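Residues in the sequence shown are numbered consecutively from 1, following UniProt numbering.
The beta carbon of each residue, even a glycine, is placed where N, CA and C say it ideally should be.
Everything numeric in this text was worked out from a predicted model, so none of it was measured.
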Amino acid sequence: MEGVSAFDHDRKVGPTDADWAEDEKERKLPADDGDAVKEPEVGPVVKTIGGDEIRAVGQDDYAAGPSGYPPEPPPDFSHYNAEKEEDDDGNVFSHDHHLNTDGEALYRFLLQEGAKPPKVTASFFGSHTETRTRHVTRRDSDGHTYTSTETYTETITDFAFTIDITQHLLAEPRGPPVWIVGEREPAHHGNRKRQVDNTPYMVGDETSTTDLEEGKKAMNTRSNWRRKATGVEKGSASGRKERRFTWGLPAWVLLPGETPGTEANIEDPIARDVFQGAANTKLEGIDDFNLRPPVRTLRDWADEYTKSKRMLKEFTFTKEVYGWNWGSLEEALKSVIAANYSQVGTTGVTFRFEHNKVSVRGDSKLSQMVSNMWWYILLWILLVYPLVIRPFKRFSSYGGGDWDVAGSSFALTKWVHLTDSRPGQTAEEYQAEYNANHPNLVAELRKLLLKQTPRGVSQPIGLREGEWFAQWKDTVGALIRQRHISYGDSLKTPMNIRLEGIGHGLDGY
């Protein structure tokens, strides 16, 4: 078998430290010869242990299969095409009867749909308001007409455009890793309220002494004890979710200072091995080496859902994107907007994630009516929903129940273990061997970006957010100055802007 190696002569050398400015935030753009614009550089293609290539993935370029499959071949199962629909954000949902009664069918449906990549874009907008006057002719109570002047405020859109990021997602040879929520992480486990499958552990939580004693007794007889999450636990969970997103960390990373069990678990043992130390971050104190199997598998949760008799139940499978520090990138892009937009108004940049949820909902007529937008509006107008359906959904044992316990992850950039490295080997030692094997390469090309791990040496793959920002910052600034407005397809490369001739003077920046 062929391993991941920086000594592979057929692959491109990764981005070097010399490509970065001293502040490590900007990278030099390709030189402009005035006639043609070079394609932006992308991360290297890396061959995996199995000989597959990790590369960028498109919206329609689905992975062969998710890594949530067990190590052994699954039991014989005839392929079933479930009835499904999409909402306005491209999220898939289904009321299929078979998915609501057969755990195996639901399990495979979630894996199949969860392997399809989400859509990621960066949307830029800017507007200002203007006060204007107009003459209005009216008629008084005596039938006489008169003209008056009134003022009104109008919002003027100055720029609006979208840049595609989906193209930079990495395709995994075994499909995206499937994770299960940690047993100590508050989540919906078939109830309207968030729950945990463990005894209280947070200092200062609101759990009574009686509940604590009952939980201890339950833990002596069973492996799990499900209870309602406390207010402190739910608040901590919300903070963890926000930090993971802002820093671009996957669900299975244990954050600094957090209690084990709040991070997600990966069921597939091969995936647990592959994704050890893969998180791309400079944050100190995170732990993504001690990855654990879940207490309950995705199939267990699917079986639990199908056995539920609730009429308004729903199982939601989330597809997350990780690898970029969205907080830092947002601040950098805001600085570009501020430098190129002098109008006093409202501006912003938003990262949009679409096609990122898969939902299976109850097959009852009531559930299907609530999912239909027009029926939903009508039920509200007639006060049926607020007075009847919502109380039934919240309080009845046959009402509503949510499951949001699993998902899959898609990387924009990550670290991969170089299998020809050895435990204890430093990055410097690996670099020296690389240089010895490539004596004809110039010094800059021989400089690799590496890090030492307990397993050996790792190298990053994929386009990093700093590189993406360096490629796009001048184009974004030019579009803002030119007051570019586009509500159509997302821009895919900086070169497209120049070729399309949007505005004047774009070739000069």
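query                                                                                                                                                                    : result
At 4 residues or longer, what runs of the alpha helix (DSSP H) sit wholly inside the region 395-439?                                                                     : 427-437
Beta-carbon separation of Ile156 and Glu183 under 8 Å?                                                                                                                   : no
Per the DSSP calculation, Asp287 is bridged to which residue(s)?                                                                                                         : Leu254
Restricting to Cα atoms, I'd like to know which of Thr453, Leu479, Val370 is closest to Phe93.                                                                           : Val370
Should Thr101 be labelled buried (16 or more other beta-carbon atoms within 10 Å of its own) or exposed?                                                                 : exposed
Evaluate Gln276 with the Cβ neighbour count: other Cβ atoms within 10 Å of its Cβ, from every protein chain shown; 16 or more gives buried, anything less gives exposed. : buried
For Thr151, which of Gly488, His135, Ser397 has the nearest alpha-carbon?                                                                                                : His135
Does the region 260-275 come within contact of the region 165-181, defined as at least 3 CB pairs closer than 8 Å?                                                       : yes
Using the C-alpha atoms, what's the distance from Asp303 back to Ser367?                                                                                                 : 20 Å
For Gly327, which residues of its own chain have a beta-carbon under 8 Å away from its beta-carbon, when the five flanking residues on both sides are left out?          : Thr246, Trp247
Could you tell me the distance, in whole angstroms, from the CA atom of Val442 to the CA atom of Asp474?                                                                 : 29 Å
For Glu331, does the three-state DSSP call read helix, strand or coil?                                                                                                   : helix
Straight-line CA distance for Ala436 to Tyr430?                                                                                                                          : 10 Å
Using only CA atoms, which one of Leu249, Glu314, Asn356 lies nearest to Asp363?                                                                                         : Glu314
Leaving out the 5 sequence neighbours to the left and right, which residues in its chain are closer than 6 Å to Leu254 when beta-carbon positions are compared?          : Glu263, Asp287
Three or more C-beta pairs under 8 Å: does that hold for the region 290-306 against the region 376-385?                                                                  : no
I need the straight-line Cα distance from Lys309 to Ile389, nearest angstrom please.                                                                                     : 16 Å
Which of the three DSSP states, helix, strand or coil, is assigned to Phe275?                                                                                            : coil
Tell me whether His144 is buried or exposed, calling it buried when 16 or more other Cβ atoms sit within 10 Å of its Cβ.                                                 : exposed
Determine the DSSP secondary structure at Ala478, reduced to helix, strand or coil.                                                                                      : helix
With DSSP collapsed to three states, give me the class of Asp8.                                                                                                          : With a pLDDT of 42 at Asp8, under the threshold of 50, the modelled position of this residue cannot be trusted, and the question is left open.
Return the residue from the list Gly401, Arg352, Arg464, Leu450 that minimises the CA-CA distance to Asp164.                                                             : Arg352
Within 10 angstroms of the Cβ of Gln471, are there 16 or more other Cβ atoms? Answer buried if so, exposed if not.                                                       : buried
For the beta strand (DSSP E) holding Ile163, just list the boundary residues, first then last.                                                                           : 145-164
Suppose you measure from the CA of Arg139 to the CA of Thr147; what does that come to, to the nearest Å?                                                                 : 9 Å
From Arg428 to Val416, what does the alpha carbon distance come to, in whole angstroms?                                                                                  : Residue identity check: residue 428 is Glu in the sequence provided, not Arg. Spanning the two alpha carbons is a distance of roughly 17 Å.
When you compare only the Cα positions, how much space is there between Val232 and Glu258?                                                                               : 13 Å
Could you check which residue in Gly126, Glu330, Pro186 has the C-alpha nearest to that of Glu465?                                                                       : Glu330
Around the Cβ of Pro460, are there at least 16 other Cβ atoms within 10 angstroms (buried) or fewer (exposed)?                                                           : buried
Smallest Cα separation from Arg292: which of Val196, Ile266, Thr316?                                                                                                     : Ile266
According to DSSP, is Val442 part of a helix, a strand, or is it coil?                                                                                                   : coil
Counting along the chain, where does the beta strand (DSSP E) carrying Glu185 start and finish?                                                                          : Neither: Glu185 is in no beta strand (DSSP E) and is coded neither H nor E.
Should residue 527 go down as buried or exposed, given a rule of 16 or more other Cβ atoms within 10 Å for buried?                                                       : Not covered by the structure: residue 527. The range shown for the chain is 1 to 509.
CB Ser359 to CB Val178, shorter than 8 Å?                                                                                                                                : no
Just the Cα atoms here: how many angstroms apart are Glu154 and Asn91?                                                                                                   : 34 Å
Decide if Ser342 is buried, meaning its Cβ has at least 16 other Cβ atoms within 10 Å, or exposed.                                                                       : exposed
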